[in-house]
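Structure record follows, encoded as structure tokens.
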Amino acid sequence: MSRSSWRRFLEGAGGISLEWDSPMACHTTLRVGGAVACLARPHTLEALRGLLARVRDEGVPWFLLGGGSNILAPDNPMDAVAVRLGAFAGEIGPAKMAGDEVQVYVGGGVRMACWLRFCLRHGLRGMEFLAGIPGTVGGGLWMNAGADGGCMADGLLWLDCLDASGERIRLERRELEARYRSMGCARGWVLLGGCFRLRPGKREAVRKRLKYLVNRRREVQPSSRRTAGCVFKNPPGSSAGRLLDRAGVKGMRVGDAQVSRRHANWIVNRGRARSRDVLTLMERMEKRVRESFGIRLEREIQVVEF
Ligand code: EPU
Numbered sequence: 007m008s009r010s011s012w013r014r015f016l017e018g019a020g021g022i023s024l025e026w027d028s029p030m031a032c033h034t035t036l037r038v039g040g041a042v043a044c045l046a047r048p049h050t051l052e053a054l055r056g057l058l059a060r061v062r063d064e065g066v067p068w069f070l071l072g073g074g075s076n077i078l079a080p081d082n083p084m085d086a087v088a089v090r091l092g093a094f095a096g097e098i099g100p101a102k103m104a105g106d107e108v109q110v111y112v113g114g115g116v117r118m119a120c121w122l123r124f125c126l127r128h129g130l131r132g133m134e135f136l137a138g139i140p141g142t143v144g145g146g147l148w149m150n151a152g153a154d155g156g157c158m159a160d161g162l163l164w165l166d167c168l169d170a171s172g173e174r175i176r177l178e179r180r181e182l183e184a185r186y187r188s189m190g191c192a193r194g195w196v197l198l199g200g201c202f203r204l205r206p207g208k209r210e211a212v213r214k215r216l217k218y219l220v221n222r223r224r225e226v227q228p229s230s231r232r233t234a235g236c237v238f239k240n241p242p243g244s245s246a247g248r249l250l251d252r253a254g255v256k257g258m259r260v261g262d263a264q265v266s267r268r269h270a271n272w273i274v275n276r277g278r279a280r281s282r283d284v285l286t287l288m289e290r291m292e293k294r295v296r297e298s299f300g301i302r303l304e305r306e307i308q309v310v311e312f
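What the sequence shown shows, in our numbering, is residues 7 to 312, in sequence order.
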């Protein structure tokens, strides 16, 4: 299908904000990437379902864009539709008491920081490990984001999602094969939200824990916001950061993409880095670790390709 004909059907669909030729550099924390043909924000669940049904039928390439904090978009223009969840996925609640725990639903489009603020305001414990993790709840759920021994799968009761045929389903935690940095969801699913189990506590205790974790991260992770978090996953029983550090990659640079001098598993965009620079640097980092320790690092950053 030609681009002009998918432009026509997208413009004809109701309840969706469309942005044409939208620079991915504006939608990713690394601030890298060329234009995506269309950025679509459906305002309602029905509009989202209609949109997905149509792009699937017509074979239009598409992907779901969360907070853009864990992706590397290509420099070249992408003939694809980036779908971002609209306000309908931005709600927190309802919350209900169940014995001595509180169960709260949170939409996939909610920013992680907003979710944490909600927990802090209501003195709810259990999500503090998310302190400082950027992006959206939907993206975090997909990746099973985690830090400091906690991950999103831990407190999750059930997931609210659209499966690959667009059907809305509720998946209980035990039905998911969650593991390190993956919730085990199949490609093509859309995570609309999830319900978490939290413990009531004192607001001051939550605040203290958040402050402690943020400060500790500040000491070891780069201060620049132009990053995409850890580049590689930790290999079983080891630490990618330590291996990369020993392999001597700190400060290594390709164009304006540079390995942080503070943490060897982070790449910082010093200003005008291109996607190609970041990718070349990642390849060099992988090669160093492979040659020094015979270990193949697995990428945590999702490289978007079309
Ligand atoms: N280390 C070095 N040199 C470095 C960096 C780290 O020797 O340049 C050593 C540290 O001294 C430490 C070990 O490596 O002994 C682990 O480092 P760190 O505590 O920084 O944790 P990490 O394993 O690198 C993980 C997550 C982070 C999360 C932190 C805090 C992964 C790949 N990374 O980092 O998650 O914030 O723990 O809990 O699982 C992310 O996934 O994007 C991310 C930032």
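C-beta: ideal position from N, C-alpha, C; glycine also.
| Item | Value |
| --- | --- |
| Taking only three categories from DSSP, how would you classify residue 91? | coil |
| Go ahead and label residue 174 buried or exposed: buried means 16 or more other beta carbons lie within 10 angstroms of its beta carbon, across all protein chains shown. | exposed |
| Whose beta carbon lies closer than 5 Å to any heavy atom of the ligand EPU, going through the chain in order? | 153, 154, 226, 235, 236, 240, 245, 247, 248, 251, 269 and 270 |
| Can you grab the Cα-Cα spacing for the pair residue 72 / residue 284, in whole Å? | 20 Å |
| Based on DSSP bridge pairs, tell me the residues matched to residue 283. | Note: residue 283 sits in no beta bridge, so no partner. |
| Could you name the residues that DSSP lists as bridge partners for residue 200? | 112 and 165 |
| Does the count of Cβ pairs from the region 42 to 58 and the region 258 to 277 closer than 8 Å reach three? | no |
| Could you check which residue in 129, 253, 30 and 159 has the C-alpha nearest to that of residue 185? | 159 |
| Tell me whether residue 259 sits in a helix, a strand or coil according to DSSP, three-state version. | strand |
| Within a Cβ cutoff of 7 Å, which residues of the same chain sit near residue 31, ignoring the five residues on either side of it in sequence? | 37, 38 and 39 |
| Using a Cβ distance threshold of 8 Å, determine whether the region 192 to 206 contacts the region 161 to 170, with at least three qualifying pairs required. | yes |
| Contact between the region 232 to 241 and the region 190 to 201 is defined here as three or more beta-carbon pairs at a separation below 8 Å; is this criterion met? | no |
| How many Å lie between residue 64 and residue 14 at the Cα? | 12 Å |
| Which ranges would you report for the beta strand (DSSP E) in the region 135 to 182 if only whole runs of at least 3 residues count? | 162 to 168 and 174 to 178 |
| Tell me whether residue 61 sits in a helix, a strand or coil according to DSSP, three-state version. | helix |
| Would residue 321 pass as a contact of residue 100 if the rule is Cβ separation under 7 Å? | This structure cannot speak to residue 321, because the chain is shown only from 7 to 312. |
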